[in-house]
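Undergrad:
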Amino acid sequence: MNGARGGSDDLRVDDAARAAPAPRRSRRGLLVAAVGVAFVLATFLFFLPKIADYRDVWGVLKTMSWPWACALAGATVLNLLTFAPPWMVGLPGLSFRRALALTQMSTALAIVVPGGAAVGIAGAYGILRRWGFPRRAIGRAVTLVSLWNQFANLSYPVFAVFLLATQGGDTPFLATAAFVGAAVLGVAVAALAAILASDRTATDIGELTARLASWGRGKFGRAPVAWGGPSFERFRSEAVDLLRRRWHVLTVATYVGTLTVFLVLLVALRALGVPVSEVTVVEAFAAWSLARLLGTIPITPGGVGVVELSLTGALVGFGGNNAGVVAAVLVYRFLTMVPTIVLGLAATSILNREARRGTVSA
Numbered sequence: 159m160n161g162a163r164g165g166s167d168d169l170r171v172d173d174a175a176r177a178a179p180a181p182r183r184s185r186r187g188l189l190v191a192a193v194g195v196a197f198v199l200a201t202f203l204f205f206l207p208k209i210a211d212y213r214d215v216w217g218v219l220k221t222m223s224w225p226w227a228c229a230l231a232g233a234t235v236l237n238l239l240t241f242a243p244p245w246m247v248g249l250p251g252l253s254f255r256r257a258l259a260l261t262q263m264s265t266a267l268a269i270v271v272p273g274g275a276a277v278g279i280a281g282a283y284g285i286l287r288r289w290g291f292p293r294r295a296i297g298r299a300v301t302l303v304s305l306w307n308q309f310a311n312l313s314y315p316v317f318a319v320f321l322l323a324t325q326g327g328d329t330p331f332l333a334t335a336a337f338v339g340a341a342v343l344g345v346a347v348a349a350l351a352a353i354l355a356s357d358r359t360a361t362d363i364g365e366l367t368a369r370l371a372s373w374g375r376g377k378f379g380r381a382p383v384a385w386g387g388p389s390f391e392r393f394r395s396e397a398v399d400l401l402r403r404r405w406h407v408l409t410v411a412t413y414v415g416t417l418t419v420f421l422v423l424l425v426a427l428r429a430l431g432v433p434v435s436e437v438t439v440v441e442a443f444a445a446w447s448l449a450r451l452l453g454t455i456p457i458t459p460g461g462v463g464v465v466e467l468s469l470t471g472a473l474v475g476f477g478g479n480n481a482g483v484v485a486a487v488l489v490y491r492f493l494t495m496v497p498t499i500v501l502g503l504a505a506t507s508i509l510n511r512e513a514r515r516g517t518v519s520a
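Right, dumping it as structure tokens:
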């Protein structure tokens with residue numbers, strides 16, 4: 159099952175060599191964590207205050223009216239509710255209540271725990287197994303939901319560049335991101351289509367992907383992957399029927415779920431004194447799509463620091479006033495992270511209590 163077992167160089171390592179990478183991995187992990195912490199501190203203690211003094215930002219926050227505060231609350235609730243549908247599509251039989259609890263728990267893990275999305279996915283897998291879903295159904299759902307989410311992230315800069323072009327706008331960095339995103343998206347979609355085309359193609363792509371992944375992990379002193387061609391073949395056999403019936407529903411659910419995140423940003427901008435005359439809806443979408451793509455780079459958990467800095471820089475570059483933009487970005491990040499963390503911790507506590515009692519409810 160290991161895709162690396164195809165050549166003559168397969169893991170001929172003695173015990174001393176097996177043990178040697180551990181300290182290096184530990185030091186490398188500490189170094190990455192230190193860089194991440196330093197970046198977050200630099201963002202909030204140096205870069206953002208250089209853009210707008212926090213006293214001015216606080217002054218903007220105090221001017222927000224109650225109607226705008228209610229609009230922000232409504233956008234936040236809508237965003238939270240749209241977490242669940244993609245999982246309900248990808249895993250038939252999963253109720254809305256369970257899907258909502260699952261997404262809040264896994265997303266909270268992805269935000270607060272080093273390792274980001276991988277930790278969130280592992281948490282989701284464990285929760286679904288506790289609920290009695292079959293391993294293969296879980297693997298299919300995790301793969302499809304994750305893939306569709308990444309497809310959306312890669313497509314947004316492309317849409318943003320097109321929309322900006324219709325308004326006569328142009329941002330070279332966003333255009334570059336869109337080009338890279340389009341290229342990666344094209345390759346990913348083509349690979350998925352090839353995997354779904356036949357068992358033989360799925361096996362061949364799985365073996366090649368496993369070798370490449372194992373080679374990359376080896377560069378960081380990590381063990382080869384435990385999957386390979388047969389895993390891709392099984393995925394194909396399980397995913398083809400579901401995608402044939404539900405690919406369009408999964409696509410709509412994914413885009414609706416991610417675009418409600420943008421809605422929170424847009425409402426925050428208008429609520430905190432960044433009018434359409436400074437930053438249009440299209441410009442806000444372009445800045446958001448770029449920051450969302452950059453936030454997927456695993457520098458810090460949840461993209462903390464990366465998203466704030468890139469989003470603020472892009473919005474100010476489009477013409478937004480400094481204090482209003484910083485205030486809106488901080489409120490946007492608070493509303494898209496803190497409620498999820500709180501709900502995720504609450505859902506985890508409730509689930510653990512029900513599991514101890516043997517009464518995990520549907």
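Residue numbers for the sequence shown, in the working numbering: 159 to 520.
We put the CB at the ideal spot given by N, CA and C, even for glycine.
Tell me which same chain residues have a C-beta within less than 7 Å of the C-beta of L343, skipping the five on either side of it?
TA: F309, L312 and S313
Undergrad: V124: buried (16+ other C-beta within 10 angstroms of its C-beta) or exposed?
TA: Since the first and last residues shown for the chain are 159 and 520, residue 124 lies out of range.
Undergrad: Whole angstroms is fine: what's the gap from G284's alpha carbon to S264's?
TA: Their Cα atoms are separated by approximately 10 Å.
Undergrad: Does the region 235 to 247 come close enough to the region 405 to 421 to have 3 or more Cβ pairs within less than 8 Å?
TA: yes
Undergrad: Between T301 and the ligand FAD, is there a pair consisting of the residue's CB and a ligand heavy atom that are separated by less than 8 Å?
TA: The model on display carries no ligand, and the ligand FAD is accordingly not part of it.
Undergrad: Using the C-alpha atoms, what's the distance from A336 back to A323?
TA: 13 Å
Undergrad: Going by C-alpha to C-alpha distance, which of I457, A505, A371 and S468 sits closest to V271?
TA: I457
Undergrad: Please report how far the alpha carbon of Y212 lies from the alpha carbon of V422, in whole angstroms.
TA: 21 Å
Undergrad: Can you tell which of S223, L260 and R287 has the C-alpha that lies nearest to the C-alpha of L521?
TA: Limits of the chain in this structure are 159 at one end and 520 at the other, which puts residue 521 out of reach.
Undergrad: Using CA coordinates, which residue listed in A231, R256, A444 and S223 is at the minimum distance from L493?
TA: A231
Undergrad: If distances are taken between C-alpha atoms only, which option among G386, T201, V432 and I353 comes closest to S395?
TA: I353
Undergrad: Look at L219 and L430 and say whether their C-beta atoms are less than 9 Å apart.
TA: It is a contact, given that the beta carbons lie within the stated cut-off.
Undergrad: Within the region 189 to 268, note down every full beta strand (DSSP E) run reaching 3 residues or more, in order along the chain.
TA: none
Undergrad: Please classify N479 as buried or exposed, where buried requires at least 16 neighbouring CB atoms within 10 angstroms.
TA: Under this definition N479 is a buried residue.
Undergrad: In or out: W306 buried (at least 16 other Cβ within 10 Å) or exposed?
TA: buried
Undergrad: If you drop the 5 nearest sequence neighbours on each side, which residues of the same chain put their C-beta closer than 6 Å to that of A485?
TA: A distance below 6 Å between beta-carbons, with the five flanking residues on each side excluded, links A485 to the following residues of its chain, in chain order: V215, V218, L219 and L430.
Undergrad: Taking the alpha-carbon positions, what's the I269 to V277 distance?
TA: If I take the Cα positions, the gap works out to 9 Å.
Undergrad: Between V338 and R511, what straight-line distance do the alpha-carbon atoms span, to the nearest angstrom?
TA: 46 Å
Undergrad: Given A426, which residues of its chain have a CB within under 7 Å of its CB, disregarding the five upstream and five downstream residues?
TA: L230, A486, V489 and Y490
Undergrad: Could you check the C-alpha separation between Y413 and F202 for me, to the nearest Å?
TA: 30 Å
Undergrad: Just checking my contact of G248 with L267 at CB under 8 Å: how many whole Å lie between their CB atoms?
TA: Not a contact, Cβ separation roughly 19 Å.
Undergrad: Helix, strand or coil: which one does DSSP assign to I457?
TA: Assigned with DSSP and collapsed to three states, I457 falls in coil, not helix or strand.
Undergrad: The alpha helix (DSSP H) that contains P388, what's its start and end?
TA: G387 to A429
Undergrad: For the alpha helix (DSSP H) containing V474, name the first residue and the last one.
TA: V464 to F476
Undergrad: What is the C-beta distance between F390 and G364, in whole angstroms, given that I count them as a contact (C-beta under 8 Å)?
TA: Rounded to the nearest angstrom, the Cβ distance from F390 to G364 is 3 Å, consistent with a contact under 8 Å.
Undergrad: What residue range does the alpha helix (DSSP H) around E365 cover?
TA: D357 to K377
Undergrad: How many angstroms separate the CA atom of L401 from the CA atom of V465?
TA: Each residue's alpha carbon lies about 32 Å from the other.
Undergrad: If contacts are defined as beta-carbon pairs under 8 Å, then G461 and V198 qualify, I think. What distance do you get, rounded to the angstrom?
TA: That belief does not hold up - the Cβ atoms of G461 and V198 are roughly 10 Å apart, past 8 Å.
Undergrad: State the start and end residues of the unbroken alpha helix (DSSP H) segment that holds F291.
TA: That residue, F291, is in no alpha helix (DSSP H); it is neither H nor E in DSSP.
Undergrad: Give the secondary structure of Q308 by DSSP, where H, G and I count as helix, E and B as strand, and everything else as coil.
TA: helix
Undergrad: Return the CA-CA distance between A191 and W385, expressed in angstroms with no decimal places.
TA: 28 Å
Undergrad: Give a yes or no on whether the C-beta atoms belonging to I209 and V483 are separated by under 9 Å.
TA: yes
Undergrad: Please return the same chain residues whose Cβ sits closer than 8 Å to the Cβ of V193, not counting the five positions on each side in sequence.
TA: I457
Undergrad: With distances taken between CB atoms, is the gap from W332 to L448 smaller than 9 Å?
TA: This sequence places Leu at residue 332; Trp is not what is there. Result yes, Cβ atoms of L332 and L448 sit closer than 9 Å.
Undergrad: Report, in whole angstroms, the separation of the C-beta atoms of P243 and A397, which I expect to be a contact under 8 Å.
TA: Actually they do not touch by this definition, with Cβ atoms about 18 Å apart.
Undergrad: Give the single residue among V432, I455, G471 and F204 whose Cα lies nearest to the Cα of M222.
TA: The shortest C-alpha separation from M222 is found at V432.
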